[in-house]
Structures are given as structure tokens and as C-alpha cells.
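Adding 24 to a residue's 1-based position in the sequence shown gives its number in the working numbering.
Glycine residues also receive a C-beta, built at the ideal position from the N, C-alpha and C atoms.
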Amino acid sequence: MIVDEVKNGMMYASLNPRFAKAFEFLMNNDLAALPLGKVVLDGDDMWANVVEIKGNTADNIKMEVHRQFIDIQVPVSKTERIGWKAYAALSELTDPYSEEKECELFADKATTYLDLKPLEFAIFFPLDGHQPGIVEGPHRKIIIKVRV
Numbered sequence: 025m026i027v028d029e030v031k032n033g034m035m036y037a038s039l040n041p042r043f044a045k046a047f048e049f050l051m052n053n054d055l056a057a058l059p060l061g062k063v064v065l066d067g068d069d070m071w072a073n074v075v076e077i078k079g080n081t082a083d084n085i086k087m088e089v090h091r092q093f094i095d096i097q098v099p100v101s102k103t104e105r106i107g108w109k110a111y112a113a114l115s116e117l118t119d120p121y122s123e124e125k126e127c128e129l130f131a132d133k134a135t136t137y138l139d140l141k142p143l144e145f146a147i148f149f150p151l152d153g154h155q156p157g158i159v160e161g162p163h164r165k166i167i168i169k170v171r172v
């Protein structure tokens, strides 16, 4: 997991050949004005989901893990709390890995929480257990999915 501000995103471009394009998208668009939906950035290998979530408490959100994609999560409208737990420590599997959903879900509690402010980002690599969406009320965010 990596946490930083969007303006510093290019420092991480060497970690994945698609990261430069992802951070160019984040830095060169008015993120609050983007329409809700999917924005294709590199075919089936990278896209941005512009979403508005209703928000929830940690007790009502499962820990998720991906295998084929990296998540770059960026809150747009308000601070969002996201839980994290190492994959090796996850033990309460509720939904086995699904190729279709590219996700498996766990009922575990996070061991670490981060409070991401608007225009900060968190990169969750495959096997980073993460629990996004801990926020009160409606909240706009962008999730960029980057194929490994």
C-alpha cells in the first residue's frame, strides 16, 4: 500500500507501466466535474470508475482483495476512511475469489486505518486487504483499476 497526494503521483510511475497515464488522468481533469461511470484509459488493462457511494460503517463493509488489478483510490468530495490488513493475516473468508468480480471478501477487521482526504490517493496492490467506503453520507470518489 502507498499513500500520498495526487500531485506527487508521478513519483510512482516506475512501479507500473500504466501508472504515468493514471496519474496524468487524475492531475489533468476536474475530478469533481467528471460524470459518474467508467472512463477507459487503456482498454481492458486500465480504467477509472467515477462513483458516488452512500458511505457506511466499518462493521458493515467487508475487506476486499484483488489478484489481477491494482486499485488507486482517490476521494473527491470528502475524507474517506479505508481499512487495511495484510493478506496473510486475513482468516474470515466470506466470498471466495471470483474471476468475474476479480475479488474475494473477508469479514476480518482492519489492523490499520487511513483517513484519505480529497486529492490524496492510496494504491492497493494485489493481496492488500482493503476496506474502502468508511464515510458518513454520500461521497464521490474515483477508483482506477490497473492490470498488474
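*In angstroms with no decimal places, state the Cα-to-Cα distance between LEU117 and GLU124.*
17 angstroms
*Kindly indicate which three-state DSSP category PHE47 falls into: helix, strand or coil?*
helix
*Provide the residue(s) that pair with PRO99 in DSSP beta bridges, ordered along the chain.*
LYS165
*Nearest-angstrom Cα distance between ARG171 and VAL27?*
19 angstroms
*Cβ neighbour criterion (16 or more within 10 Å) applied to ASP83*: With fewer than 16 Cβ atoms within 10 Å of its Cβ, ASP83 is classed as exposed.
*Inter-residue Cα distance where the pair is LEU143 and ILE77*: 17 angstroms
*ARG164 versus LEU55: straight-line alpha-carbon distance, rounded*: A straight line joining the alpha-carbon of ARG164 with that of LEU55 spans about 9 angstroms.
_Classification of GLY161 by the beta-carbon crowding that lies within 10 angstroms, buried from 16 upward_ = exposed
*Assuming ILE96 and ILE168 form a contact by the criterion Cβ under 8 angstroms, report the distance between their Cβ atoms to the nearest whole angstrom.*
4 angstroms
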